[in-house]
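Okay, so here's the structure we're looking at.
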Amino acid sequence: KAGVTQTPRYLIKTRGQQVTLSCSPISGHRSVSWYQQTPGQGLQFLFEYFSETQRNKGNFPGRFSGRQFSNSRSEMNVSTLELGDSALYLCASRYRELGTDTQYFGPGTRLTVL
Amino acid sequence: SQQGEEDPQALSIQEGENATMNCSYKTSINNLQWYRQNSGRGLVHLILIRSNEREKHSGRLRVTLDTSKKSSSLLITASRAADTASYFCATDDRGGKLIFGQGTELSVKP
Chain A
1 KAGVTQTPRY
11 LIKTRGQQVT
21 LSCSPISGHR
31 SVSWYQQTPG
41 QGLQFLFEYF
51 SETQRNKGNF
61 PGRFSGRQFS
71 NSRSEMNVST
81 LELGDSALYL
91 CASRYRELGT
101 DTQYFGPGTR
111 LTVL
Chain B
115 SQQGEEDPQA
125 LSIQEGENAT
135 MNCSYKTSIN
145 NLQWYRQNSG
155 RGLVHLILIR
165 SNEREKHSGR
175 LRVTLDTSKK
185 SSSLLITASR
195 AADTASYFCA
205 TDDRGGKLIF
215 GQGTELSVKP
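Chains A and B, in that order, give the protein sequences. Under the numbering used here, the first residue of the first sequence is numbered 1, with each subsequent residue one higher. Under the numbering used here, the first residue of the second sequence is numbered 115, with each subsequent residue one higher.
Pasting the structure below:
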């Protein structure tokens, strides 16, 4: 099976702009989670989508939003970008089986805000 | 917020040596997972250990879990230069949200 794919891999934006990141989970996986990684805060959970519904949300401002489509692909949007939004954004595809719950990550999108 | 802490923050060893990383967490868990990350790339899933398991092996990896101490360790035996990476433990908050430690930076010198 193909792994989790994320596009684009690199992005440069300026303050005040908005950005949309895309994630395609592993075929058959219906849950997609998003994480932000920065040197200062480490890896932090943004939100999780399952069957097109947001199921869980981290502690981020409303400028961060997401959605999931019927084919399980997910997009994440950040509006009114700030310098502090520069980070690696990781998407994870989740698989549950017989008491285990494993999340598989994509390569990430490196966002730089100037 | 970080669930736990990893120890050490950085570890430098020679090829062929064993590397041990420790992780502590704060709340009860369903399972604990270990991930590897190379130079700011995506996270690679290494191993998952359930809360009712005490030890698990996968190739050169050995993971232990002590739920009474809320701690886990990852042992990489016979390290190789290609093992150079950051290693993270992550716990599930029972709602599917993974909570990561700060990670251990492992450097394996040839």
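Glycine is no exception: its CB is placed at the ideal position from the N, C-alpha and C atoms.
Exercise. Using 9 Å as the limit for Cβ to Cβ distance, is GLY173 of chain B near chain A?
Worked result: Interface residue (Cβ-Cβ distance to chain A less than 9 Å): GLY173 of chain B is not classified as such.
Exercise. Tell me the DSSP bridge mates of LEU162 of chain B?
Worked result: DSSP lists B:GLN147 as partners of LEU162 of chain B.
Exercise. So, does the CB of ASN145 of chain B fall closer than 9 Å to a CB anywhere in chain A?
Worked result: ASN145 of chain B counts as touching chain A.
Exercise. What are the residues that DSSP puts in a beta bridge with ALA92 of chain A?
Worked result: DSSP, once it has assigned bridges, lists A:SER33 and A:PHE105 as partnering ALA92 of chain A.
Exercise. Chain A partners of LYS170 of chain B, CB-CB under 9 Å?
Worked result: Ordered by position in chain A, no residue passes the 9 Å Cβ test against LYS170 of chain B, which lies about 11 Å from the chain.
Exercise. Are ARG9 of chain A and VAL113 of chain A close, meaning C-beta to C-beta below 9 Å?
Worked result: No, they are not a contact pair.
Exercise. Just checking my contact of SER200 of chain B with THR218 of chain B at CB under 8 Å: how many whole Å lie between their CB atoms?
Worked result: SER200 of chain B to THR218 of chain B, Cβ: 7 Å. Contact.
For this session: Identify, in the order they occur along the chain, each residue of the same chain with its Cβ nearer than 8 Å to the Cβ of GLN18 of chain A, setting aside the five sequence neighbours on each side.
Result: Close CB contacts of GLN18 of chain A within its chain, under the 8 Å cut and outside five residues either way in sequence, are with ASN77, VAL78, SER79, THR80 and LEU81 (chain order).
Problem set entry | Simplified DSSP state of GLY66 of chain A, which is helix, strand or coil | Here GLY66 of chain A sits in strand by DSSP.
Problem set entry | Which of helix, strand or coil DSSP assigns to ASP207 of chain B | It is coil, neither helix nor strand.
For this session: May I ask you to verify whether the stretch 32-44 of chain A touches the stretch 122-131 of chain B, counting CB pairs closer than 8 Å and requiring at least 3?
Result: With the rule of 3 Cβ pairs closer than 8 Å, the stretch 32-44 of chain A does not count as touching the stretch 122-131 of chain B.
For this session: Answer with buried or exposed for PRO25 of chain A, where buried requires no fewer than 16 other C-beta atoms within 10 angstroms of its C-beta.
Result: Residue burial annotation: PRO25 of chain A is buried, with at least 16 other C-beta atoms found within 10 angstroms of its C-beta.
Exercise. Are the stretch 35-47 of chain A and the stretch 56-67 of chain A in contact at 8 Å, needing three or more beta carbon pairs?
Worked result: Contact between the stretch 35-47 of chain A and the stretch 56-67 of chain A is established, with three or more Cβ pairs separated by less than 8 Å.
Exercise. In angstroms, rounded to a whole number, what distance separates the CA positions of TYR49 of chain A and GLY209 of chain B?
Worked result: Approximately 12 Å, taken between the alpha carbons.
Problem set entry | C-beta atoms of GLY106 of chain A and GLY28 of chain A nearer than 9 Å | Not a contact, by the Cβ cut-off of 9 Å.
For this session: Determine the direct distance from the alpha carbon of ARG73 of chain A to that of SER115 of chain B, and round the result to whole angstroms.
Result: The pLDDT assigned to SER115 of chain B is 44, lower than 50, so where the model puts this residue is not dependable; a value taken from the coordinates is nonetheless given after this. About 27 Å.
Problem set entry | Whole-Å CB distance - ALA87 of chain A paired with LEU111 of chain A, under 8 Å assumed | Rounded, the Cβ-Cβ distance is 6 Å, consistent with contact.
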